[in-house]
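Engineer: After the C-alpha cells below, expect a handful of questions from me.
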Amino acid sequence: MNHITATMAGNVWKVTVKEGDEVKAGDEVAILESMKMEIPIEAERAGKVKAIVKPEGEFVNEGDVLIELE
1 MNHITATMAG NVWKVTVKEG DEVKAGDEVA ILESMKMEIP IEAERAGKVK AIVKPEGEFV
61 NEGDVLIELE
C-alpha cells in the first residue's frame, strides 16, 4: 500500500507531516475531525511522504487517499 486513507468521513483538521518527511508504521500523519471528535490517522507502513493529497480543511469520505508514500 503506497497511500494512507481516511478511516471515516470528516474534515482534515491537521496534517502532521510534510512532503519529504520519513514516517514509520504507527506514526501519526493527520487528524480528522468528525462530529466534534478528533480521529488520528497513522501510517500503516514506513516510507517517505511523496504528496499530501487532501490538505487541511478539506472534507474527505471514508477510503479517500490522504497521503501518498514512496
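Using the UniProt record's numbering, you'd call the opening residue of the sequence shown number 1 and step up by one each time.
Every residue, glycine too, gets a C-beta built ideally from N, C-alpha and C.
Only a predicted model underlies this, so the values are computations on that prediction, with no experimental measurement involved.
1. Closer than 8 angstroms by C-beta to Lys-18: which residues in its own chain qualify, once you throw out the five before and the five after it? Chain order, please.
2. What do you get for Lys-36, buried or exposed, if any count of 16 or more other CB atoms within 10 angstroms of its CB means buried?
3. From Thr-5 to Glu-22, what distance separates their C-alpha atoms?
4. Residues in its own chain within less than 6 angstroms of Ile-31 by CB, not counting five upstream and five downstream?
5. DSSP on Val-15, reduced to helix/strand/coil?
6. Just mark Ala-46 as buried or exposed, buried being the case when its beta carbon has 16 or more other beta carbons within 10 Å.
Structural biologist: Quick look at the numbers:
1. Val-49 and Ile-52
2. exposed
3. 17 angstroms
4. Trp-13, Lys-14, Glu-38 and Pro-40
5. strand
6. exposed
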